[in-house]
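Undergrad: I'd like to ask you about the structure that follows.
Number of protein chains: 2
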Amino acid sequence: MKSKRNVYLKMKTLKQAREILFERFSMFGTLSNERVSVPDAVGRVLAEPVTAKISAPNFHAAAMDGIAVKAENTFGASEARPKELIVGRDAFYINTGNVIPENTNAVIMIEHINVLDENRIEIEAPAFPWQYIRKMGEDIVATELLFPQNHLVTPYCVGALLSGGVFTVSVRKKPKLLIIPTGSELVEWRDTKLENLKPGQVVESNSFVLGKLAEACGATYIRHEILTDNVEKIRQAVDDAAHSDFDIILIDGGSSAGSEDYSKQVISDLGETLVHGVTMMPGKPLIIGEIKNKPVLGIPGYPVSAIISFEQFVRPLICRALGQPDIEPQKTEVQPIRKIASKLGVEEFLRVKLGKVGDRVVATPLPRGSGSITSITEADGIIRIPNHVEGLKDKEPVFAELLRPLSSVQNTIVVVGSHDNTLDILADELKAKHSNLKVSSSHVGSMGGLMAIKRGVCHLAGSHLLDTEDGSYNISYIRRYLPDTKVKLVNLVFRDQGLIVSPGNPKNIRGIEDLGREDIMFINRQAGSGTRILLDYRLRQLGMDSGSITGYENEEFTHMSVAVSVLSGMADAGLGIYAAAKALHLDFIPVVTEQYDLVIPQEHFDSDNIRILLETINTGEFKKRVQALGGYSTEKTGTVVSD
Amino acid sequence: MKSKRNVYLKMKTLKQAREILFERFSMFGTLSNERVSVPDAVGRVLAEPVTAKISAPNFHAAAMDGIAVKAENTFGASEARPKELIVGRDAFYINTGNVIPENTNAVIMIEHINVLDENRIEIEAPAFPWQYIRKMGEDIVATELLFPQNHLVTPYCVGALLSGGVFTVSVRKKPKLLIIPTGSELVEWRDTKLENLKPGQVVESNSFVLGKLAEACGATYIRHEILTDNVEKIRQAVDDAAHSDFDIILIDGGSSAGSEDYSKQVISDLGETLVHGVTMMPGKPLIIGEIKNKPVLGIPGYPVSAIISFEQFVRPLICRALGQPDIEPQKTEVQPIRKIASKLGVEEFLRVKLGKVGDRVVATPLPRGSGSITSITEADGIIRIPNHVEGLKDKEPVFAELLRPLSSVQNTIVVVGSHDNTLDILADELKAKHSNLKVSSSHVGSMGGLMAIKRGVCHLAGSHLLDTEDGSYNISYIRRYLPDTKVKLVNLVFRDQGLIVSPGNPKNIRGIEDLGREDIMFINRQAGSGTRILLDYRLRQLGMDSGSITGYENEEFTHMSVAVSVLSGMADAGLGIYAAAKALHLDFIPVVTEQYDLVIPQEHFDSDNIRILLETINTGEFKKRVQALGGYSTEKTGTVVSD
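As given, the protein sequences belong to chains G and P, one line each in that order.
Take 1 as the starting number for the first sequence in this note's numbering and just add one per residue.
Take 1001 as the starting number for the second sequence in this note's numbering and just add one per residue.
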């Protein structure tokens, strides 16, 4: 099974690799042009400077409703000595936009004339020459430049072009991409029945993501059918593409150095490999090549790698082909909520959630793996950590490139703390009625939530910390860990915690006491989570030693991950909420009903966003949806349990 | 001719009018939904929350190329005591993305194994459990919320949806607009031959501008054919539309209170007029109405009024119908280059050009008339001057809403001063090679340019100021007016100035000395322009009194406007450059060849942008295009004439 492996050429930095690409394809921008009607030109790029064919207005026009007069005939008119004008001789009724009659050079507003009879009017003030007249060419003069070449046509431009007598324009042709998805594991979504999906099969999605990204920056794409990891087939497809009218060819997948990675071989066979491997993360296994003078890129198969590769290499190529500047993301200063180490010698694109808490924008890192598509769909921004930097400090502001408008970041409610499935329902209900608001949750456990409040990096925290002395929840922890912070405690739900086990409970687990059995593999929650505290409390009550539990050291961060561990057979049991077990059709052995509250610092409690959030929690819709999950009680939902 | 006139209802403020509109149509957001494939959902809005159907990965997968092992079997391996594993029993070759074989729980990278033979390998370090494995559900857990309702689908989202087993989604239907252009003066561009266009006829463009703006925010539009100002026809069209499947109806034109403005009458007859007249500028004559529970808006006919009305009223309505927040323009702090008075009681949308000069973004106001479409196509931003404010002070920073990205504003070269047609060619040549750069010219005359440099609100100024003592250009003025500013003087062109007269010179004008003739109407340039200084100098030389010249007090700001005045018959002669006369096929009587320079402060001279601008001036392409205009000499073009 082990066969020939490629070897990376000397890796290039992102900057070097981009320079190599842009230098080699500097003839871009010479793609051919096409003529389109002006309304159809919106979103397209002018291939030539466009000059006006006619003036606008194309005549002297009335700018008001009223009468047209020769200004000189009105001189001397005053309230004391009004001047009479004969309609049809000295004065001509006229509406806005009408042509000024010959021998007139001013308009008097209708409101300022006294009508004496059908033929005579009176004015009480003189008109000065050219008053209320839009002079010919006032807006656009024939022959003048309307827009330079490489100008991106907007809806507004349509008005200026048509008004200037320009009805068709020459625009740059859209660069045409071929995207070839490769990989024996890939299946077409159109052909997929989920129930038949086999382990190891993956629904192909990158080609659509890349294609839609290409469309968004002005290109078109054709998607090749999925190719298995068959070097001959891939070679044939790339060769065909190089000989047809595609401007850029992307081979998606197989760009790495594995035994079944053929992109490099194909590109080298048919043309030249210019770069293999870029010191960036995600996106390291990128290939830049040239076949028949066309750029051919080997795009890594991991989704975030594919996206970063596209945005760093393919998009600028498209922009150049269209005579457009690279798309520069808006940047804003943010503060990472914690220290983040990063590898020296690699430029990392760290995806972060952003939210404005107080007067700072705080950045919460998302999973860093290239395979996590949700790490970019959930991201509000990207922090670039350069090659020579070892990471971010937690108090030092850095710049983030924004993936959403700053206004969205400013309207994000940052929730950090314990994980609960009802937070998703809350996010959805909020978005239903208040589409400008967003809830961004990070799951770091209840203690992590309190610490986030202490450091001022969230608006509120979800918490279910059991005081094992008196059976109360959260209050004593807040007193201990947030002595100087005034907070309000609002109940979100009561919920059932218990053991999540395989359907039918094949190992016949009856409770916590069985976790010490040798045949049971446990999956734990991270230290500092309320669930972990609950477990440890129960173990102490039962006099059990955590060392006796197999898998105690294996930690997950959410209830759903615990449930997945059980579902996949990685573990036999884990402590978690009923909703997680139910979602994945697992069995559930109740252990305790616990109180899950929102801890809200007073300084945020009165803000508009939090007020709306609390209103939403108190709606019947929210409570109904929570109850439908099962394992929840909403009796005290939305009530302030302590302040 | 004078007939019944409408009367405005009590005018509303912008805020009041918006509240009335949004309150009346608060049921928006209940438009119907449709199901589309996930790739086709990009740019659409989710009508329902979307949860994952499968996990991603849907199995435990290798995250690296290597061998899959049971971690426990590797414990104890070290460099000193390597551990041997049997391929096919203890170790299984595996590529990235492959399913982890049963009874294995870790992957060792291919780089870290020693192959002993086909069946045996050796490792020198232990594997910890789950290393280099992407666990089932690591990215997406089945049943979890992927995106809430009202989420706008991006290309990235396609990846998460397909990976989560979601292949089709329910999205909000695009709101459907009918746009009815009305006005007897309007003609269809498709039917228009420019040479047959009669004075008073106007090429209809608003409907396309509004339609394309509607498309840009997620709606679709149907354009009605142009209707003349015929109340019956308009009534019929609006009634038909109200009875069909349109969601929003726009009547463009005829919204004011003139004798041929029928929109209000039609809306009131068929339904109810809620607002007529809004205290904003442009856009005052807006009508908000309701027919059959549908919003029907009377949109003013002036192009900028139409655009502002759309963006303030129609776009938010579309956003609401799509469950989207209003589009919030990015704002930036700018400094107006001069004091700007504004009317109390009216909210003005002042269009401005923006450019970064030094560390400030300076704002140059564009023409304020609602009829000037170029005032919005050329604008980089809009300064909103509230009802209760009488205007802007010149040194006081204000916020501008951006119409282009800030990066574009930062790459704008701000040219203020004398007008010359070659500046357009320069702008075009620059954009051809450096699409990220923009030239923004404001024409305030040569002296205005020097004053702009003095106040630090431009990067360079065009100037042709004749020293009437020694015949030199610019240098003595710079010494006098910019004593403390170090500047470089670069020649742009030498150019012919002369009298622009009608074709065939019907009044037989031979030179400046004829301007005193009683039968000649002159058109002048504004005080402070180099051309005005030249004229006054010549008049003194000739011993002529400016009072003897009819039209001396009529001023235009550019050579092209002077030429238009002659073309339109408003004037018989004006002093201007040959290029302007030639462009409009007018005759030209040479008076003088003059030097036109660029005055560049030293602090900007060495910047990248100015360097590129000067390089462009020195290219053969630029000089050739300038020569083709006629009346120019490029002998010294691009040379530093003084520093």
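A virtual CB, placed ideally from N, CA and C, is assigned to each residue, including glycine.
Could you name the residues of chain P that Asn-436 of chain G contacts, counting a contact when the two beta carbons are closer than 9 Å?
TA: Taking the first residue of the first sequence as position 1, residue 436 of chain G is located at position 436. Neighbours of Asn-436 of chain G on chain P, chain order: Gln-1324, Pro-1325, Asp-1326, Glu-1328.
Undergrad: Considering Cα atoms alone, identify which of P:Asn-1196, P:Phe-1246, P:Leu-1213, P:Val-1566 is closest to Phe-1313 of chain P.
TA: As a first step, residue 1313 of chain P is located in the second sequence; it is residue number 313 there, counting from the start. The residue with the shortest Cα to Cα distance from Phe-1313 of chain P is P:Leu-1213.
Undergrad: Out of P:Gly-1371, P:Pro-1386, P:Ile-1373, P:Leu-1354, point me to the one whose CA is closest to Val-1409 of chain P's CA.
TA: Counting from one through the second sequence, the residue named residue 1409 of chain P turns up at place 409. Checked all of P:Gly-1371, P:Pro-1386, P:Ile-1373, P:Leu-1354; the closest Cα to Val-1409 of chain P is P:Leu-1354.
Undergrad: Run through chain P and tell me which residues come within less than 7 Å of Glu-185 of chain G, C-beta to C-beta.
TA: Here residue 185 of chain G refers to the residue found at position 185 of the first sequence. Neighbours of Glu-185 of chain G in chain P, taken as residues whose beta carbon is under 7 Å from its own, are Gly-1097 in chain order.
Undergrad: Closer than 6 Å by C-beta to Asn-114 of chain G: which residues in its own chain qualify, once you throw out the five before and the five after it? Chain order, please.
TA: The residue you call residue 114 of chain G lines up with position 114 of the first sequence. Around Asn-114 of chain G: Glu-122.
Undergrad: Can the beta-carbon of Ala-657 of chain G be found less than 7 Å from the beta-carbon of Pro-101 of chain G?
TA: Since the first and last residues shown for chain G are 1 and 643, residue 657 of chain G lies out of range.
Undergrad: Which runs of the alpha helix (DSSP H), 4 residues or longer, sit entirely within the region 453-484 of chain G?
TA: 475-481
Undergrad: Roughly how many whole angstroms lie between the Cα atoms of Leu-1515 of chain P and Gly-1528 of chain P?
TA: For the purposes of this step, residue 1515 of chain P is taken as residue 515 along the second sequence, with counting starting at 1. For the purposes of this step, residue 1528 of chain P is taken as residue 528 along the second sequence, with counting starting at 1. Cα to Cα, the separation comes out at about 20 Å.
Undergrad: Starting from the C-beta of Gln-602 of chain G, find all residues in its chain whose C-beta is less than 7 Å away, skip the five residues before and the five after it, and write them out in chain order.
TA: Translated into the one-based positions of the first sequence, residue 602 of chain G becomes position 602. If we look at Gln-602 of chain G and ignore the five residues flanking it on each side, its Cβ neighbours are Lys-486, Val-487, Lys-488.
Undergrad: Quick one, which of G:Ser-342, G:Ile-108, G:Thr-104 has its alpha-carbon nearest Ala-77 of chain G's?
TA: On the first sequence, position 77 is the one that residue 77 of chain G refers to. The shortest Cα separation from Ala-77 of chain G among G:Ser-342, G:Ile-108, G:Thr-104 belongs to G:Ile-108.
Undergrad: Sort out for me which residues DSSP pairs Gly-355 of chain G with in a bridge.
TA: Taking the first residue of the first sequence as position 1, residue 355 of chain G is located at position 355. Per the DSSP secondary-structure output, Gly-355 of chain G pairs in a beta bridge with G:Val-362.
Undergrad: Please name the residue in G:Glu-513, G:Thr-558, G:Arg-384, G:Pro-365 whose C-alpha comes closest to that of Thr-531 of chain G.
TA: Stepping through the first sequence from its first residue, residue 531 of chain G is reached at position 531. Ranked by Cα distance from Thr-531 of chain G, the first of G:Glu-513, G:Thr-558, G:Arg-384, G:Pro-365 is G:Thr-558.
Undergrad: What does the alpha-carbon distance come out to for the pair Arg-1221 of chain P and Ile-1249 of chain P?
TA: Taking the first residue of the second sequence as position 1, residue 1221 of chain P is located at position 221. Taking the first residue of the second sequence as position 1, residue 1249 of chain P is located at position 249. The sequence as given places Tyr at residue 1221 of chain P; Arg does not occur at that position. Between Tyr-1221 of chain P and Ile-1249 of chain P, the C-alpha separation is close to 10 Å.
Undergrad: Residues in the same chain with beta-carbon distance under 6 Å from Gln-131 of chain G, minus the five sequence neighbours each way, listed in chain order, please.
TA: For the purposes of this step, residue 131 of chain G is identified with residue 131 of the first sequence, where counting begins at 1. Only residues of its own chain outside the window of five on either side were considered, and among them Ala-106 have a CB closer than 6 Å to the CB of Gln-131 of chain G, listed in chain order.
Undergrad: From which residue to which residue does the alpha helix (DSSP H) around Asp-1597 of chain P run?
TA: Counting from one through the second sequence, the residue named residue 1597 of chain P turns up at place 597. Asp-1597 of chain P -> not in any alpha helix (DSSP H); beta strand (DSSP E) instead, spanning 1587-1601.
Undergrad: Just to confirm my understanding: we take Leu-197 of chain G, look at its own chain, exclude 5 residues before and 5 after, and list those with CB closer than 8 Å. What are they?
TA: Start at 1 with the first residue of the first sequence, and residue 197 of chain G comes out as number 197. If we look at Leu-197 of chain G and ignore the five residues flanking it on each side, its Cβ neighbours are Val-187, Val-203.
Undergrad: Go ahead and pull the three-state DSSP assignment for Met-280 of chain G.
TA: Looking up residue 280 of chain G in the first sequence gives position 280. In the structure shown, Met-280 of chain G sits in a strand (DSSP, three-state: E or B).
Undergrad: Between the C-alpha atoms of Thr-637 of chain G and Leu-598 of chain G, what's the straight-line distance to the nearest angstrom?
TA: Within the first sequence, numbered from 1, the residue matching residue 637 of chain G stands at position 637. Within the first sequence, numbered from 1, the residue matching residue 598 of chain G stands at position 598. Distance between the alpha carbons of Thr-637 of chain G and Leu-598 of chain G is about 10 Å.
Undergrad: Below 7 Å on C-beta distance, what does Cys-217 of chain G contact in chain P?
TA: In the first sequence, counting from the first residue as 1, residue 217 of chain G sits at position 217. Those do not exist, as Cys-217 of chain G stays about 10 Å from chain P at its closest Cβ, beyond 7 Å.
Undergrad: Between the C-alpha atoms of His-1585 of chain P and Asn-1505 of chain P, what's the straight-line distance to the nearest angstrom?
TA: Position 585 of the second sequence, counting from 1, holds the residue named residue 1585 of chain P. Position 505 of the second sequence, counting from 1, holds the residue named residue 1505 of chain P. Approximately 12 Å, taken between the alpha carbons.
Undergrad: Is there a Cβ of chain G sitting closer than 7 Å to that of Asp-1065 of chain P, yes or no?
TA: Translated into positions along the second sequence, residue 1065 of chain P becomes position 65. Yes, its Cβ sits closer than 7 Å to a Cβ of chain G.
Undergrad: At which residues does the alpha helix (DSSP H) containing Gly-620 of chain G begin and terminate?
TA: Numbered from 1 along the first sequence, position 620 holds the residue referred to as residue 620 of chain G. Taken as a continuous stretch (DSSP letters only), the alpha helix (DSSP H) holding Gly-620 of chain G covers 620-629.
Undergrad: Between Leu-465 of chain G and Val-415 of chain G, how many whole angstroms is the CB-CB distance? I'm expecting something under 8 Å.
TA: Along the first sequence, one-based indexing puts residue 465 of chain G at 465. Along the first sequence, one-based indexing puts residue 415 of chain G at 415. Actually they do not touch by this definition, with Cβ atoms about 16 Å apart.
Undergrad: Let me make sure I understand the geometry here. Which of G:Lys-284, G:Glu-311, G:Lys-264 has the alpha-carbon closest to that of Val-296 of chain G?
TA: Translated into positions along the first sequence, residue 296 of chain G becomes position 296. Here the closest residue by C-alpha is G:Lys-264.
Undergrad: In the DSSP assignment, what are the bridge partners of Lys-294 of chain G?
TA: Counting from one through the first sequence, the residue named residue 294 of chain G turns up at place 294. Answer by DSSP bridge pairing, in chain order: G:Ile-291.
Undergrad: If you reduce the DSSP assignment to three classes, tell me which class Ser-207 of chain G lands in.
TA: By 1-based counting over the first sequence, the position of residue 207 of chain G is 207. Of the three classes helix, strand and coil, the one that applies to Ser-207 of chain G here is helix, per DSSP.
Undergrad: Quick one: what does DSSP say Gly-574 of chain G is sitting in, helix, strand or coil?
TA: As a first step, residue 574 of chain G is located in the first sequence; it is residue number 574 there, counting from the start. The answer is strand: DSSP assigns Gly-574 of chain G an E or B state.
Undergrad: Just to confirm the assignment, what range does the alpha helix (DSSP H) spanning Tyr-302 of chain G have?
TA: Along the first sequence, one-based indexing puts residue 302 of chain G at 302. Run containing Tyr-302 of chain G: none; DSSP gives neither H nor E here.
Undergrad: Could you tell me which uninterrupted beta strand (DSSP E) segments, each at least 3 residues in length, are contained entirely in the region 1051-1112 of chain P, listed from first to last along the chain?
TA: 1066-1069, 1083-1086, 1091-1094, 1106-1109
Undergrad: Rounded to a whole number of angstroms, what is the C-alpha to C-alpha distance between Leu-1322 of chain P and Asn-1387 of chain P?
TA: For the purposes of this step, residue 1322 of chain P is taken as the residue at position 322 of the second sequence. For the purposes of this step, residue 1387 of chain P is taken as the residue at position 387 of the second sequence. Distance between the alpha carbons of Leu-1322 of chain P and Asn-1387 of chain P is about 31 Å.
Undergrad: Listed from N- to C-terminal order along the chain, which residues in the region 1041-1055 of chain P have their beta-carbon within a distance smaller than 8 Å of any beta-carbon of chain G?
TA: Val-1042, Pro-1049, Lys-1053, Ile-1054, Ser-1055
Undergrad: In chain G, what lies closer than 8 Å to Glu-1260 of chain P by C-beta?
TA: As a working note, residue 1260 of chain P is residue 260 in the second sequence. Ordered by position in chain G, the residues that pass the 8 Å Cβ test against Glu-1260 of chain P are Asn-95.
Undergrad: Which of the three DSSP states, helix, strand or coil, is assigned to His-243 of chain G?
TA: Here the question's residue 243 of chain G lines up with position 243 in the first sequence. If DSSP states are grouped into helix, strand and coil, His-243 of chain G belongs with coil.
Undergrad: Taking its Cβ as the centre, do 16 or more other Cβ atoms sit within 10 Å of Gly-1569 of chain P, making it buried, or is it exposed?
TA: In the second sequence, residue 1569 of chain P corresponds to position 569, counting from 1. Looking at its Cβ environment, which holds fewer than 16 other Cβ atoms inside 10 Å, Gly-1569 of chain P is exposed.
Undergrad: Give me the subset of the region 296-323 of chain G whose CB atoms are less than 7 Å from a CB atom of chain P, sorted by chain position.
TA: Per Cβ criterion, the list reads Pro-303, Ile-307, Gly-323.
Undergrad: Under 8 Å between beta-carbons, which chain P residues line up against Ile-140 of chain G? List them in chain order, please.
TA: What you label residue 140 of chain G is simply residue 140 of the first sequence in a count that begins at 1. In chain order: Ile-1373, Thr-1374.
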